[in-house]
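Numbering (my numbering), first residue to last: 1271 to 1470. Note that the Cβ used here is the ideal one computed from N, Cα and C, for glycine as well. One structure below.
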Amino acid sequence: MARLLLRGFDIRKAYLDVAAQTQLIEALRPILKSAPLFRPTTPSGKEMSVRMTSAGAFGWVTDKAGYRYQAQHPKGMEWPAIPAPILEIWRNLASNEHDPDCCLINYYGEGARMGLHQDKDEADFSWPVLSVSLGDDALFRIGNTSRGGKTESIWLNSGDVVIMGGPARLTYHGVDRIRFGSSKLLPKGGRINLTLRVAN
DNA sequence: AAGTTACC
DNA sequence: TATT
């Protein structure tokens, strides 16, 4: 598997071909129908520009009460199961022993961004976070395990799989910009980012 | 504080 | 690893 060295952190990277990307989009269609995208509000009361939903036993949510994983969509229903082709990516690239219990689905429309943050709402940081990029190019930024200091940016393209484990697991990271319309994978444009995690 | 802005 |  390819390796990226960013800010001194060793990050694994793989690529899904266009047929695999298309299969994932097809698998996501019923998920998005039964668990619609919503726009979360942070505890500080600000709306995020990214829209999101989840699949799996747990989904990540935020609202005025805080950040957490919970078993229900904000509208009250259970999250749909993680589709088999998505689980297969985890089993092939992250672990064949322990499946993820959360697939966070983030949709970046035109102008959507995500500020630098750590993924730290999970119970056990020894499992990696696996990210799949689908659709438009995204300028991904990574910093350090604490705020401040230099950062480094790379463009992520459709089909890219990035696995952040080990020392990279708790690095600050975010998305500064989407090159809206740069990919034809999603007819209406934008980027879907899947993040697979062991949340609980 | 997964908001903003942006490496200074 | 947290009533941030």
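Practice problem: Specify the secondary structure class of asparagine 1427 as computed by DSSP and reduced to three states. | Solution: Position 157 of the first sequence holds residue 1427. In this structure, asparagine 1427 counts as coil in the three-state DSSP scheme.
Practice problem: Measure the beta-carbon distance from proline 1310 to methionine 1322 and round it to whole angstroms, keeping in mind my assumption that it falls under 8 Å. | Solution: The count along the first sequence starts at 1 and reaches residue 1310 at position 40. The count along the first sequence starts at 1 and reaches residue 1322 at position 52. The pair is a contact, with the Cβ atoms about 6 Å apart (cut-off 8 Å).
Exercise. From the DSSP output, in three-state form, read off valine 1288 for me.
Key: Within the first sequence, numbered from 1, the residue matching residue 1288 stands at position 18. Helix, per DSSP.
Quiz item: From what residue to what residue does the beta strand (DSSP E) around asparagine 1362 run?
Solution: On the first sequence, position 92 is the one that residue 1362 refers to. Run containing asparagine 1362: none in the beta strand (DSSP E); it sits in the alpha helix (DSSP H), 1354-1363.
Practice problem: Tell me leucine 1404's beta-bridge partners as DSSP assigns them. | Solution: Here residue 1404 refers to the residue found at position 134 of the first sequence. Looking at the DSSP assignment, leucine 1404 forms a beta bridge with Ile1462.
Quiz item: methionine 1271 lies in the beta strand (DSSP E); which residues open and close that run?
Solution: The residue given as residue 1271 occupies position 1 in the first sequence. Careful: methionine 1271 lies outside any beta strand (DSSP E) and carries neither H nor E.
Quiz prompt | Among Gly1278, Leu1276, Glu1296 and Ala1284, nearest to isoleucine 1433 - alpha-carbon criterion | solution = One-based indexing of the first sequence puts residue 1433 at position 163. Closest by alpha carbon: Ala1284.
Quiz prompt | Short Cβ contact (7 Å threshold) for glutamine 1291 with leucine 1404 | solution = Here residue 1291 refers to the residue found at position 21 of the first sequence. Here residue 1404 refers to the residue found at position 134 of the first sequence. Taking 7 Å as the cut-off, the beta carbon of glutamine 1291 is found closer than this to the beta carbon of leucine 1404.
Quiz item: What three-state label does DSSP hand serine 1324 in the structure shown?
Solution: Residue mapping note: residue 1324 aligns to position 54 of the first sequence, counting from 1. Per DSSP, reduced to three states, the secondary structure at serine 1324 is strand.
Quiz item: Is it true that the CB of histidine 1443 sits closer than 7 Å to the CB of arginine 1412?
Solution: If you number the first sequence from 1, residue 1412 lands on position 142. If you number the first sequence from 1, residue 1443 lands on position 173. Contrary to the premise, residue 1412 reads as isoleucine rather than arginine in this sequence. It is a contact, given that the beta carbons lie within the stated cut-off.
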